[in-house]
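See structure below.
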Amino acid sequence: MKSDFHCHTKWCDGRAGVEEMALAAIEKGFCKLGFSSHSMLPSDMLDWALTVAKAPRYAADVREVAESYKNKIEISLGVEADFLPGVATCDRKVYSDISPDYIIGSVHFVASPTGANVIVDMSPENLKEGVEQNYDGDFSLFVKDYFRQERLMVETCDFDIIGHADLVRKFNSNSIFFDESDAWYKGELEATADAIATSNKIVEVNTGAIYRGYLQDAYPSAFFRSLLRARGVSFILSSDAHCPQAIGYAFNQFEDQETYLGHFRR
Ligand SMILES: [Zn+2]
Ligand SMILES: [Zn+2]
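One rule links them: number in my numbering = place in the sequence shown (from 1) + 1.
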């Protein structure tokens, strides 16, 4: 049973509308599709993310398409909510207006010691500059802050799915910024896997960076997945699709080797 609970539309930074994405998922044989618009509620930090004002219209759009195609696919309303202390939270209480079926909690901005927020996934150049300006160029400090923030999210927020749990790898192919085999890095993964296992939250195996050509492995990495699996954590496969073509991308690389829930439901 094919499902994908992470996709974006024109309601945020996606390229297609809700109906177009739903039709593509049906065409690809998916039984379940979840929409997860980026949201920074209640702040308006990004101009393309859902705001308090836009959220009810987004929810109505998804619910309407869900009703129209309910005989062909089960569509869920979700959000991909940022966690940035003091600015944005992925806690369910913030989303009571739209009652989402599920919430993905993600860290895209790291609160640095200088007070500036470093964007994790915009571009290699932007990231390098952010780490130079706010961490004196020390990537290990930045990466440790990223995972510390993710653990705080996992430990303090009521949500369902952890989005791209090691997004810091996005621009790190060939270890250009840090070495993922270093003891300090593995230690961060172990501490984070412990926090996730204790929280009983679900981890998505996200193929978005494969579709975009940044990485050959999903988030989390094979090593991180092994730590999570050893702790009994449940996974779902997701594509983080921003266009119809990306729905379910590269799922066949992971379906056979992992035990995925695939039937996530609230
Ligand atoms: Zn994301
Ligand atoms: Zn996303």
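Just so it is clear, CB atoms sit at the ideal spot from N, CA and C, and this is done for glycine as well.
Give a single yes or no on whether residue i has its beta carbon closer than 6 Å to a heavy atom of ligand 1.
{"i": "Ser107", "result": "yes"}
{"i": "Gly164", "result": "yes"}
DSSP state of residue i, grouped into three classes?
{"i": "Leu142", "result": "helix"}
{"i": "Phe225", "result": "helix"}
{"i": "Ser1", "result": "The structure shown does not extend to residue 1, since the chain spans only 2 to 267, so no value can be given for it."}
{"i": "Asp5", "result": "strand"}
{"i": "Glu191", "result": "helix"}
{"i": "Phe36", "result": "strand"}
{"i": "Leu51", "result": "strand"}
{"i": "Asn135", "result": "helix"}
{"i": "Ala60", "result": "helix"}
{"i": "Asn253", "result": "helix"}
{"i": "Glu205", "result": "strand"}
{"i": "Phe334", "result": "Limits of the chain in this structure are 2 at one end and 267 at the other, which puts residue 334 out of reach."}
{"i": "Ser240", "result": "coil"}
{"i": "Ile197", "result": "helix"}
{"i": "Ala67", "result": "helix"}
{"i": "Ser127", "result": "With the sequence shown as reference, residue 127 is identified as Asn, and Ser is not the correct amino acid for it. Helix at Asn127."}
{"i": "Ile105", "result": "strand"}
{"i": "Ala25", "result": "helix"}
{"i": "Leu42", "result": "coil"}
{"i": "Leu78", "result": "strand"}
{"i": "Phe110", "result": "strand"}
Suppose the cutoff is 6 Å on Cβ atoms and the five residues either side in sequence are ignored; what does the same chain contact list for residue i look like?
{"i": "Ala251", "result": "Thr208 and Ile211"}
{"i": "Arg226", "result": "none"}
{"i": "Phe140", "result": "Val132, Phe178 and Phe179"}
Within 6 Å: the Cβ of residue i and any heavy atom of ligand 2?
{"i": "Asp241", "result": "yes"}
{"i": "Glu81", "result": "yes"}
Report all residues from its chain with a CB closer than 7 Å to the CB of residue i; omit the five preceding and five following residues, and keep chain order.
{"i": "Lys73", "result": "Ile27"}
{"i": "Glu20", "result": "Val66"}
{"i": "Glu189", "result": "Val144, Lys145 and Phe148"}
{"i": "Val88", "result": "Ser44 and Met46"}
{"i": "Ala25", "result": "Pro245 and Ile248"}
{"i": "Lys29", "result": "Ile248 and Gly249"}
For residue i, is the beta carbon positioned less than 6 Å from some heavy atom of ligand 4?
{"i": "Arg232", "result": "Looking for ligand 4 in the displayed structure turns up nothing; the ligands present are ligand 1 and ligand 2."}
Given residue i, which residues of its chain have a CB within under 8 Å of its CB, disregarding the five upstream and five downstream residues?
{"i": "Leu51", "result": "Trp12, Cys13, Ser38, His39, Ser40, Met41, Leu42, Tyr59 and Val80"}
{"i": "Leu216", "result": "Arg170, Lys171, Ser174 and Ala210"}
{"i": "Phe224", "result": "Glu181, Lys187 and Leu190"}
Nearest chain B C-beta to residue i closer than 7 Å, yes or no?
{"i": "Ala112", "result": "Looking for chain B here will not work: only one protein chain is present."}
Between the region 223 to 241 and the region 151 to 167, do three or more beta carbon pairs fall short of 8 Å? yes
Three or more C-beta pairs closer than 8 Å, one from the region 120 to 130 and one from the region 51 to 61: is that the case here? no
Counting pairs of Cβ atoms below 8 Å between the region 90 to 101 and the region 166 to 178, do you hit three or more? no
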